[in-house]
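What follows is a single structure, written as structure tokens, with notes after it.
In UniProt numbering, the protein residues as written are 1 to 668.
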């Protein structure tokens, strides 16, 4: 399909800083990939001087695949397409010494960070740790030092958290480790404070393309500015109406700053939508008009008027779930082979809403998958193996040492670890270094000492092999030596152990393949591992299943049939957001939800809903009143058409389920 005039203009413009205001479904990814191809094949840019930055590995992977279909390998050699965090890691790895780090620094995950912060604030309370960690993350994303955080503290909790922030940073330095926020913060500080490094990176990356610019935080925006310099050779793509991540530090004000920081900024609007029907877009446009506009735009489509948007009043959350599932089964029955379960999405404001829908889908034997399930890299067996890899790469990494030395169990318990910790504190060294000390081993009893010596010999041997031997070979030998397969199979009932061992084998295969493709050793691959999530959902992506997702997680996705559920006051918009004055962000979230739908959109709300053990009678969401009423089909409310009762719904669902089963049997 040919680019439209606005898309063509965005692709060809290289005269200075450019902001592409890309409405939902307007083909922004195509614009970015076409522009990269144009720059390399027609505008004289060398691929290694161009970088496209996204917010998720999934988006980066999709972009790489599209570019791979447009250009050959020679044309893309050296091209950077990655997330902000991946770019930051690349910069930090190259200039680690300037940040006081060794090249093989560790990258701590959320669990490691939470554990360290929990020890600092002396609490095991998950909620307290979460709030402290979240606040520290916000400070880092705002480029605030612990001293600045302390001087700006508004209350005792903020003062205590600022002190914890200082202690946390000291601990990270001691471990020669960084957290995810540091991967962007530290390179930003290096470029800000070191003109030679700034000049080096500006020369290397001559042009930047930044996707989802409305989601950048203060730190990411500062990094973008430092990389592009005064000339501002960049294309920023974004949409102020889809800014929904303020709670994690995203700053929509950055879009306004673009115009101030770059007076020569050119703005191109992409308003033609290639996803939704005109009716769906009319509803989205009218809802978002109630927000103040930074960049006015109106989405339009050539995909036809489409059917009215249904607004359905249900008796309760159970009835809501059963009715939605009955509609999915019915539509699947009508659509036959042309309609897949994966064509349907159930979107909700909060994760707690999923339970009733899961029960109804299971009862109807409808396959489903929930977005944001457990990450491959969050599985215990994967974290065990990664702890060994981290320790091989960086012996200063105490959290990795503690996990590796105790998994599988080898007779090294809290007493032994306590003695090692005491020695490490006295000598100002890592636990790994303490375990190598004969003086420290004198205080440790026979069996524990023998196990510790054996463990250290193994780790030293792996460390000697790591700079030159094949990464997967080292890992397979290590797993055999520690008896990890037996540890998994003996520790789990049924097939659970086999599944875990298969996950570990998948990881080893991937490490080997990745290190060979990139020409990297195990030491160099270790840091990449901390950021990779390409294995997440590797089986799920092929599964034909109804998608259940929070509205936040649905951004960037699209489905022919969308059910936007729980559209009630207090739930959506959320009561906390209304009280905190964040109604505009809630409205943007509604806009995002509406624009996920391609053909059919249904909004549901409950007449009564159980909350905290008692029945509530919520009003329908105010956002429904903001929609053009002539484009809505109201069901179940006063003045609207009736929706079936719970009992009738169950009966119809059973009938349709039987029909669907009979149809499957006949086809089989």
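Cβ atoms here follow ideal geometry from the backbone N, Cα and C, with glycine treated the same way.
Which one of 463, 34, 140, 525 has the shortest CA to CA distance from residue 395? 463
Check whether the Cβ atoms of residue 189 and residue 208 sit closer than 8 Å, and answer yes or no. With respect to the 8 Å criterion, residue 189 and residue 208 are not classified as neighbours on the basis of their beta carbons.
Which whole runs of the beta strand (DSSP E) in the region 74-124 are 3 residues long or more, in chain order? 80-83
For residue 704, count neighbouring C-beta atoms within 10 Å of its own C-beta (all shown protein chains included) and say buried if the count is 16 or more, exposed if not. With the chain covering 1 to 668 only, the question about residue 704 has no answer from this structure.
Looking only at its own chain, which residues have a Cβ that is under 6 Å from the Cβ of residue 24, when we skip the five neighbours before and after it? Hits under 6 Å: 595.
Starting from residue 407 and walking both ways along the beta strand (DSSP E), at which residues does that stretch end? That residue, residue 407, is in no beta strand (DSSP E); it is neither H nor E in DSSP.
Let me know the alpha helix (DSSP H) ranges lying completely inside the region 285-351, each 4 residues or longer, listed in chain order. 317-335
Inter-residue Cα distance where the pair is residue 232 and residue 599: Cα atoms of residue 232 and residue 599: separation of roughly 40 Å, rounded to the nearest angstrom.
Reduced DSSP secondary structure (H/G/I, E/B, other) of residue 614: For residue 614, the secondary structure class from DSSP, reduced to helix, strand or coil, is strand.
Proximity to residue 258 [Cα-Cα], best of 20, 521, 455, 48: 20
In this structure, how does DSSP classify residue 249 when only helix, strand and coil are distinguished? coil
Sheet register partners of residue 559 (DSSP bridge): According to DSSP, which records beta bridges pairwise, residue 559 is partnered with 597.
Across the region 105-117 and the region 178-186, are there enough close Cβ pairs to call them in contact, namely three or more that are closer than 8 Å? yes
Environment of residue 83 [buried if 16+ CB atoms lie within 10 Å]: buried
Can you have a look at residue 213 and say buried or exposed, based on whether 16 or more other CB atoms are within 10 angstroms of its CB? buried
Determine contact between the region 285-293 and the region 304-319, defined as no fewer than three beta-carbon pairs at a distance below 8 Å. no
Name the DSSP beta bridge partners of residue 206, please? Paired residue(s): none; residue 206 is not in a bridge.
I'd like the ranges of any alpha helix (DSSP H) spanning at least 4 consecutive residues and lying wholly in the region 461-501. 471-482, 484-491
Expressed to the nearest angstrom, what Euclidean distance is found between the alpha-carbon atoms of residue 687 and residue 117? With the chain represented from 1 up to 668, any question about residue 687 goes unanswered, as that position is not in the structure.
For the region 85-101 against the region 122-133, are there 3 or more C-beta pairs whose distance is under 8 Å? no
Which value, in whole angstroms, describes the spacing of the CA atoms of residue 560 and residue 602? 11 Å
Element boundaries [alpha helix (DSSP H), containing residue 234]: Counting along the chain, residue 234 falls outside any alpha helix (DSSP H), though it belongs to the beta strand (DSSP E) covering 234-238.
Residue 357 - containing alpha helix (DSSP H), residue span: 354-363
Indicate the three-state DSSP secondary structure (helix, strand or coil) for residue 368 in the structure shown. DSSP places residue 368 within a strand segment (E or B) once states are collapsed to three.
Cβ separation of residue 71 and residue 37, assumed to be a contact under 8 Å, to the nearest whole Å: 6 Å
Near residue 149, what residues of its chain come up, given a Cβ to Cβ distance below 6 Å and the 5 sequence neighbours on each side ignored? 139, 162, 165
Other residues of its chain near residue 216: CB distance less than 6 Å, five sequence neighbours each side excluded: 254
Could you compute how far the alpha carbon of residue 339 sits from the alpha carbon of residue 368? 15 Å
Residue 438: first and last residue of the uninterrupted alpha helix (DSSP H) it sits in: First-last of the alpha helix (DSSP H) with residue 438: 438-442.
Close-in-space but distant-in-sequence residues of the same chain around residue 628 (CB under 7 Å, 5 per side omitted): Here the set comprises 282, 283, 286.
Taking 8 Å as the threshold, find out whether the region 568-575 comes into contact with the region 258-276 through three or more Cβ pairs. no
What separation, rounded to the nearest whole angstrom, lies between the Cα atoms of residue 418 and residue 445? 13 Å
Taking C-alpha atoms, which residue in 294, 335, 55 lies nearest to residue 245? The shortest C-alpha separation from residue 245 is found at 55.
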